[in-house]
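Asks: Provided herewith is a single structure, encoded as structure tokens, for subsequent inquiry.
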Amino acid sequence: MEFTPKAYKLIFWDFDGVIKDSVPLKTEAFDQLFRDHDDDVRKYVREYHLLHGGVSRHIKIPHYFRTLLDRELSEEENLEYCQRYANSVIEGVIACPWIEGVREFLNSNPHDQQHMIVTGTPQDEMKHILQAIDLVSPFSKVFGAPHTKPEVLAQMLTETKMEPEECLMIGDSMTDHDAAVENQVPFLLRENEENREHFTFFDGPKVSNFLHWLR
């Protein structure tokens, strides 16, 4: 039986890999930051990014340097690396393919639901991207870094006075899954080739696209 979102009043959406097929682009951008290092370093960077898709670059980049290169970045260095990363991905995210069916579903809002973005992308950058792809109006709120996903879900449950079971988190990473579980919010996995091996334990609902939500 196909999963239907009708039962939920509020849907939390991750962005990369859920609305836009932008995860490969961002994985490559992280890899390029470490292109002068050996293959083991680059392999770790790629795998860590795929496993922790919703974690801010401001956290990931220092983690890579600390864990792999035994080096602590200064705040200034971290900002420089983050800006290099942003410069390499923003236009690509805007131009990359949509996950099928998602734009039509959000714009039509057939079940009169409330929708919010919860992403690891910096909040101002996320708002710029939504403006550029003409997808501002479907979302009542947009949350990005430095907010964390567990914090946002907890805050919105309190503000909206909704029960966790009235809400749904749609994501493609363990970060999304863990934020939902921490707040007892049902989780829908947007499954793809990259994340399938990380979710072998997951027996909840999964979708590869949203075309069946348009019927």
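Residue numbers (the numbering used here): 7 to 221. Even for Gly, the Cβ is constructed at its ideal location relative to N, Cα and C. Here the structure is a predicted model, which is why all the values come from computation and not from measurement.
State the DSSP-derived secondary structure class of residue 206, mapped to helix, strand or coil.
Replies: Annotated three-state conformation of residue 206 is coil, per DSSP.
Asks: My understanding is that residue 27 touches residue 105, with C-beta atoms under 8 Å, so please give their C-beta distance in whole angstroms.
Replies: 6 Å
Asks: What first and last residue would you give for the alpha helix (DSSP H) that runs through residue 96?
Replies: 81-101
Asks: DSSP three-state label for residue 10, please.
Replies: coil
Asks: Would you call the segment 108-125 and the segment 21-36 in contact, with 3 or more CB pairs under 8 Å?
Replies: yes
Asks: Suppose you measure from the CA of residue 163 to the CA of residue 174; what does that come to, to the nearest Å?
Replies: 11 Å
Asks: Quick one: what does DSSP say residue 141 is sitting in, helix, strand or coil?
Replies: Coil at residue 141, not helix or strand.
Asks: From 211, 155, 169, 207, pick the residue whose C-alpha is nearest to that of residue 184; which is it?
Replies: 155
Asks: Just how far apart, CA to CA, sit residue 83 and residue 54?
Replies: 21 Å
Asks: Output the distance between the C-alpha atoms of residue 12 and residue 150, rounded to the nearest integer angstrom.
Replies: 26 Å
Asks: Taking the alpha-carbon positions, what's the residue 114 to residue 101 distance?
Replies: 22 Å
Asks: Where do the ends of the beta strand (DSSP E) carrying residue 193 lie?
Replies: Counting along the chain, residue 193 sits inside the beta strand (DSSP E) bounded by residues 193-196.
Asks: Does the distance from the C-beta atom of residue 182 to that of residue 20 stay below 8 Å?
Replies: yes
Asks: Once you ignore the five residues that flank residue 219 on each side, which residues in its own chain have a CB closer than 7 Å to its CB?
Replies: 11, 107, 111
Asks: Is it the case that the Cβ atoms of residue 74 and residue 91 are separated by a distance below 8 Å?
Replies: no
Asks: Measure the beta-carbon distance from residue 71 to residue 52 and round it to whole angstroms, keeping in mind my assumption that it falls under 8 Å.
Replies: That belief does not hold up - the Cβ atoms of residue 71 and residue 52 are roughly 16 Å apart, past 8 Å.
Asks: From the DSSP output, which residues share a beta bridge with residue 121?
Replies: 17, 145
Asks: Taking only the alpha-carbon atoms, compute the straight-line gap between residue 172 and residue 16 and give it to the nearest angstrom.
Replies: 7 Å
Asks: With a cut-off of 8 Å on the beta carbons, I'd call residue 176 and residue 196 a contact; round off their distance for me.
Replies: 6 Å
Asks: Apply the 10 Å Cβ neighbour rule to residue 210 and answer buried if 16 or more other Cβ atoms are within range, or exposed otherwise.
Replies: exposed
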